[in-house]
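Under this note's numbering, the first residue of the sequence shown carries the number 316, and numbering increases by one thereafter. Even glycine gets a Cβ: it sits at the ideal position worked out from N, Cα and C. Shown next, in structure tokens, is the structure this report addresses.
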Amino acid sequence: FTISAACQTLSFNQYTPAEGLVDTRVEKIFQDSRGVMYFLTPDGFSVFDGQRFTNYSQYQNQSLSIVSDILEEKDGRILIVSISGIYFLQHNKLEKDTAFFTRSAEPGSVHITPSGEKIIAANSGLMLYNGKKTTPLDIQKEGGTKQPLKADKVILKDDNLVVTYSNQKLNRQYLALYNWKEQKLISEVTSEPGINMMQYQDKIFVFLKKEWYLGRRLEQKSSLRMLLQDLKRKSSFRTFWYWPTLQNHWT
């Protein structure tokens, strides 16, 4: 179908399983450096080269199940995160990272550090992975006790992570700034459940207590100080980013 606006005509093509898409429930869309499109779904993922779909829903007769994240490595290899493990796609061949799978199950998202290591958010907590060894990323609470950092959402910036995590017993949610190299919690704020966040270019937007902020409540002496600027509360800006408009577009 087409839409005409301001003397410009926009054309849209609809893709469903009838056209080759693996599943209509697309959770994330990604485009690599070659222009190839990837569609992540709860039943595998589809690769679209502009002409046709190639679908991946199983690996060695085992279901990929929910595919939740994707990124492109420097060598062009595509890293796929599924609830069943971590996979690599290169030259149309899918391989499983068996070294990681033996150490943790059900990864949800992955982030590559400037040094090439991977920070993986899994059901057991955040961990640092260098391709051979996984190191849990813990937080130290009052009293000196350590516990896994089980993050709901993660944004990586240099040596720091901006994360949200929950305490269901207390019905509280936390927004924290965490140095992954030192495994040190820099600062955190607490709120009722409902904290969310997204990254747009070089800015991090935080949904906290029914407002959008840019880091006013975070540690101002951190390396993110220049990144996290105060959000001017203009009605047009709040309307543009109004919740839940972006709830399915977190980076």
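Buried/exposed call for residue i, threshold 16 Cβ in 10 Å
| i | result |
| --- | --- |
| GLN377 | exposed |
| ALA436 | buried |
| TYR353 | buried |
| TYR515 | exposed |
| LEU485 | exposed |
| SER430 | exposed |
| LEU325 | exposed |
| ALA333 | exposed |
| THR449 | buried |
| ASN482 | exposed |
| ASN407 | exposed |
Contact set for residue i: own chain, Cβ-Cβ below 6 Å, skip 5 residues either direction
| i | result |
| --- | --- |
| ARG392 | PHE403 and GLN405 |
| ASP338 | THR356 and ASP358 |
| ASN438 | GLU421 |
| ASP412 | ILE401 |
| PHE363 | MET352 |
| THR505 | ARG487 and TYR489 |
| THR369 | VAL362 |
| VAL341 | PHE354 and THR356 |
| ILE398 | SER380, ILE381 and GLU421 |
| GLN455 | LYS461 |
| GLU503 | TYR489 and ALA491 |
| GLN329 | none |
8 Å contact criterion, which residue i and residue j should meet: CB distance rounded
| i | j | result |
| --- | --- | --- |
| VAL396 | SER383 | 5 Å |
| LYS465 | GLY440 | 5 Å |
| ILE501 | TYR493 | 7 Å |
| VAL574 | HIS426 | Coverage of the chain is limited to positions 316 through 566, which leaves residue 574 absent and any answer about it impossible. |
| PHE360 | TYR371 | 6 Å |
Nonlocal neighbours in the same chain, by C-beta distance under 7 Å from residue i, ignoring five residues either side
| i | result |
| --- | --- |
| GLU432 | LEU443, TYR444 and ASN445 |
| SER538 | Residue confidence is low: SER538 scores 32 on pLDDT, short of 50, so the model does not pin down where it sits. Its coordinate-derived value is still stated next. If we look at SER538 and ignore the five residues flanking it on each side, its Cβ neighbours are ASP473, ASP474 and ASN475. |
| ARG367 | GLY335 |
| PRO451 | GLY440, MET442 and PRO463 |
| GLU410 | TYR402 and PHE403 |
| GLN498 | LEU452 and ASP453 |
| SER424 | SER383, ASP384, VAL396, ALA436 and VAL469 |
One or two residues paired with residue i in a DSSP bridge
| i | result |
| --- | --- |
| GLN405 | LYS408 |
| LEU471 | LEU476 |
| SER372 | According to DSSP, SER372 bridges with nothing at all. |
| TYR489 | TYR480 and THR505 |
| LEU386 | LEU394 |
| ILE381 | For ILE381, which the question treats as bridged, DSSP gives no partner whatsoever. |
| TYR353 | PHE345 and VAL362 |
| LYS461 | GLN455 |
| ASN494 | ASN475 and LYS499 |
| TYR330 | DSSP, once it has assigned bridges, lists no residue as partnering TYR330. |
| LEU441 | ALA436 |
Nonlocal neighbours in the same chain, by C-beta distance under 8 Å from residue i, ignoring five residues either side
| i | result |
| --- | --- |
| LYS447 | ALA414 |
| TYR480 | LEU464, LYS465, ALA466, ASP467, GLN488, TYR489 and ALA491 |
| THR331 | THR339 |
| LYS496 | ASP474 |
| PRO508 | SER481, ASN486, ARG487 and GLN488 |
| GLY350 | GLY365 |
For the segment 380 to 397 and the segment 336 to 346, state whether three or more C-beta atom pairs, one from each stretch, are separated by less than 8 Å.
-> yes
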